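*Asks:*
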Amino acid sequence: MSPDRAVLERALERGEQEGGSVEFKERLTRELHLADGRLESLAAQLRHRVLSGDGEATYVVGVTDDGGLAGIAPDTFSESMDVLSLLAEEAGSHIEEVQTWGVGEDGERGIVGVATIREGAMLDTDDRHIVVGTAGHVDHGKSTLVGSLVTGQPDDGEGGTRGFMDVQPHEVERGLSADLSYGVYGFDGDGPVRTANPHRKTDRARVVEEADRVVSFVDTVGHEPWLRTTIRGLVGQKLDYGLLVVAADDGPTKTTREHLGILLATELPTLVAITKADVVDPERVAEVEREVERLLRNVGKTPLQIERYGVDAAIEEVSERVVPVVTTSAVTMRGLDALDELFERLPKTADGAGEFSMYIDRTYSVTGVGAVASGTVRSGEVEAGDELLLGPTADGAFLPVEVRSIEMHYHRVDEAKAGRIVGIALKGVREADIERGMVLLPRDSDPRAVREFEAEVMVLNHPTRIGDGYEPVVHVETVSEAAVFSPEGGQLLPGDTGTTRVRFKFRPYLVEEGQRFVFREGQSKGVGTITRVVGEE
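Heads up, the sequence shown is in UniProt numbering, so the first residue is 1 and it goes up one at a time.
(1) Leaving out the 5 sequence neighbours to the left and right, which residues in its chain are closer than 7 angstroms to Ile-315 when beta-carbon positions are compared?
(2) Looking at the strands, I want to know which residues DSSP matches up with Arg-188.
(3) Check each candidate in Lys-301, Asp-361, Gly-92 and name the one with the smallest Cα separation from Val-479.
(4) Within its chain, find whatever has a CB closer than 8 angstroms to the CB of residue 543; leave out the 5 residues flanking it on each side and keep chain order.
(5) On the CB-based measure, 16 or more other CB atoms within 10 Å of its CB, does Arg-297 come out buried or exposed?
(6) Where does the unbroken alpha helix (DSSP H) through Ser-329 begin, and where does it stop?
(7) With respect to the beta strand (DSSP E) encompassing Ser-480, which residues constitute its N-terminal and C-terminal limits?
(8) Which residue from Leu-460, Gly-310, Pro-487 puts its Cα closest to that of Gly-467?
(9) Near Leu-336, what residues of its chain come up, given a Cβ to Cβ distance below 7 angstroms and the 5 sequence neighbours on each side ignored?
(10) Could you pull the start and end residues of the beta strand (DSSP E) that Gly-136 belongs to?
(11) Could you name the residues that DSSP lists as bridge partners for Ile-262?
(12) Along the beta strand (DSSP E) that carries residue 538, what are the first and last residues, could you check?
(13) Starting from the C-beta of Thr-499, find all residues in its chain whose C-beta is less than 8 angstroms away, skip the five residues before and the five after it, and write them out in chain order.
(14) Relative to the alpha-carbon of Val-299, which residue among Asp-240, Glu-258, Glu-452 has its alpha-carbon at the smallest distance?
(15) Quick check on the burial criterion: 16 or more other C-beta atoms within 10 angstroms. Buried or exposed for Glu-40?
(16) Which residues mark the beginning and the end of the alpha helix (DSSP H) in which Glu-293 is found?
(17) Just the Cα atoms here: how many angstroms apart are Arg-290 and Asp-278?
(18) Is Gly-354 near the ligand ADP, judged by its Cβ being under 6 angstroms from some heavy atom?
(19) For Gln-99, list the residues DSSP reports as bridge partners.
(20) If you reduce the DSSP assignment to three classes, tell me which class Glu-18 lands in.
(21) Please state the DSSP three-state secondary structure of Lys-301.
(22) Any idea what DSSP makes of Ala-425, helix, strand or coil?
(23) Comparing alpha-carbon positions, which option in Ala-432, Asp-212, Thr-202 lies nearest Pro-192?
(24) Give a yes or no on whether the C-beta atoms belonging to Ile-111 and Val-50 are separated by under 7 angstroms.
(25) If Tyr-241 and Val-146 are in contact, beta carbons under 8 angstroms, what's the gap, nearest whole angstrom?
(26) Any idea if Phe-506 is buried or exposed, counting beta-carbon neighbours within 10 angstroms, 16 or more meaning buried?
(27) Nearest by alpha-carbon distance to Asp-54: which of Glu-119, Ala-43, Arg-30, Gly-37 is it?
(28) Among Leu-34, Gly-152, Leu-87, Glu-90, whose alpha-carbon lies nearest the alpha-carbon of Thr-332?
(29) Could you have a look at Lys-142 and say whether DSSP puts it in helix, strand or coil?
(30) Mark Ala-44 as exposed unless 16 or more other C-beta atoms lie within 10 angstroms of its C-beta, in which case mark it buried.
(31) Going by DSSP, what residue range makes up the beta strand (DSSP E) through Tyr-359?
(32) Can you name the start and end residues of the alpha helix (DSSP H) that Ser-41 belongs to?
(33) Using 7 angstroms as the threshold, is the C-beta distance between Ala-330 and Asp-155 below it?
(34) I need the straight-line Cα distance from Val-534 to Ala-88, nearest angstrom please.
(35) Could you check the C-alpha separation between Glu-307 and Arg-520 for me, to the nearest Å?
(36) If I follow the unbroken alpha helix (DSSP H) through Ser-78, where does it start and stop?
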C-alpha cells in the first residue's frame, strides 16, 4: 500500500506558506553536509525549525529549493536519511517517520521523501523491552486476549478485538519495520500506553516512543497442521516469556499439551491464561483451573494461582519450575489488570551478552531503502552505519553488508540491542539474496558454516523407534531445515534421551554449541541441545 500522496502535498503547501518548520532539500551528503562547521550550522538550523513547529519539523527531500519535485536515486535518498538522522541527533531530536513516493512514470525520476523530525532524543528501551510468545489451541482466544491488552478495549463477545491482531503479508511491505510481533503496548509512569489501532503505524511507533517499558507479542498458530509455524515462533525468536492460553469452555487439548511441551522443553519461563471465563459458569472455571494444575504437575511444574497468591508472588516465583496461572475474560476484562501488572514488572530474562548477532526471520524490500532483514537481535548491539557479514549462502560464504538504518515497530532508532525485534535495512545486497535462517554478524568475526553437529536429544513423541537415516525438520534459531539423524547405538525410543549426529540435508548454516532446537516429522517430535560442531564448510 503506497503512502497517502496528500501527505506530500500538505508538506509542500506548508513549506510555501509557513516556511518556519518545513525545510526543502534536494539531497544531503556526508561529504558536504557533515564537513567541519557545516554539521553544527545545519544542526542549529534543524533545531530552529523544530522549535518553530512546537517540537516537530518536516524535511522534504528530493525537491528543489522552491518545492519542485526533482527526485533522487534510492542510494542517494538513503544517504540523505542517514545524514538527516545524524543532524537530528546533534540537535537533540530524532526522525520519527519517513514516507516516500516515486516521481515520474513508474518512478523513473527517483524518490521524494517526507521525514518527520520530533524533539527529544530517541528513547532507549532495550533493557525494558520484553518479548512474549503466545501459544495455545485454535479458538482458545490468544489474539482476542492480546487485542484487549494492547488496546485496553473489552471484546464484544464475537472476537472483535482479535481483528486488531490479524497481520497480513502486505502489512510487512508497507514500511521498514519488523512485523514478527503481532501486538505491542507499553508502560510509562502513569500506567499502560496502548494503541487505538495496532495496524496503524503511527500508533505502534508512539508506543515505542512514549513508553518506559515495551511489551511485544509474537504470535503462534493454534491449528495442529501448522505446529511447524508454532515451533518457528517459539524457537526462532529471542523470547523472554511464553504465554499459553487455555479456553474455559474447552479446557486443555492435545494441542495445548503440544505447545506446553515445546515451551517447557525450550526452558522458557511460562505463564498460563485461562480465557473465556465469561462463557461458562464458575464451577466449570474451577474445573478447568484444576485440569491446568494437573497438567502442569504432570510435567514437573508447580502451578501458582495469581488470584490466590497475588502478582507479587508470581513475579518472584516465575521460573522454569513455577508457572503462574491467571483466569481471564476479554469481555469482562477479568484478569487483565493482573496481566498488565505482570508485563509491567516481569524482569527481562534473555541474556544478550556478547558480540552482535541476529538470525533473520523475514526479508522484504522498501522503496527508497532497499533490502530489509527483520528478526530479533540475539546478542550485542548494532548501529546505523555498522559493517556486517551476512550468511551463510548455500555454498557457505558470508557477504559483506552495511546497515543503512534500523526501525522498531515503524519507529526509527539509531541502534538496537539484544531482545529488540527490528527491521535492518542493508546496503550491498539484494533482497532476493537474503534467506530466512541466515545470520548477521560483525564484519571482523570469522564465522564458519556448519553442515553437521552432535546433540543430546529427548524424544517427546514418536510412534516407533528412531533409527539411522531418520529425517525430521530441525528448528534452531530461525533455521528450519531437513536433517538426517544418526543416533548413537543405532536407535532412540519414545521417552529416550541420547546422543545423535545431525546433518543438514541440503545446505550449511551457522549453529553453535549450546543452542537448543526442536525437531519434528509428521506427528513425532523432540528437543535437543547442540553439544559439538562436527563439520565445517
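We put the beta carbon where it would ideally sit given N, CA and C, even for glycine. It should be emphasised that the depicted structure is a prediction, and the values quoted were computed from it without experimental measurement.
*Replies:* Looking at the coordinates:
(1) Leu-342, Arg-345, Leu-346
(2) Correcting the residue identity first, residue 188 is Asp in this sequence and not Arg. Gly-191.
(3) Asp-361
(4) There is simply no residue 543 to check, as the chain begins at 1 and stops at 537 in what is shown.
(5) exposed
(6) Looking at the DSSP string, Ser-329 is not in any alpha helix (DSSP H), and its letter there is neither H nor E.
(7) 479-487
(8) Pro-487
(9) Ser-148, Leu-149, Thr-328
(10) 129-136
(11) Looking at the DSSP assignment, Ile-262 forms no beta bridge with any residue, so it has no partner.
(12) The requested residue 538 is not part of the displayed model; the chain covers only 1 to 537.
(13) Glu-454, Ala-455, Glu-456, Val-457, Pro-487, Glu-488, Thr-531
(14) Glu-258
(15) exposed
(16) 282-298
(17) 18 angstroms
(18) Ligands displayed in this structure: none; no statement on the ligand ADP is therefore possible.
(19) Val-114
(20) Low per-residue confidence applies at Glu-18: pLDDT is 49, beneath 50, and the placement is therefore not dependable enough to give any value.
(21) coil
(22) strand
(23) Asp-212
(24) no
(25) With a Cβ gap of about 13 angstroms, Tyr-241 and Val-146 do not count as contacting.
(26) exposed
(27) Glu-119
(28) Gly-152
(29) helix
(30) exposed
(31) 357-359
(32) 38-52
(33) yes
(34) 49 angstroms
(35) 37 angstroms
(36) 74-90
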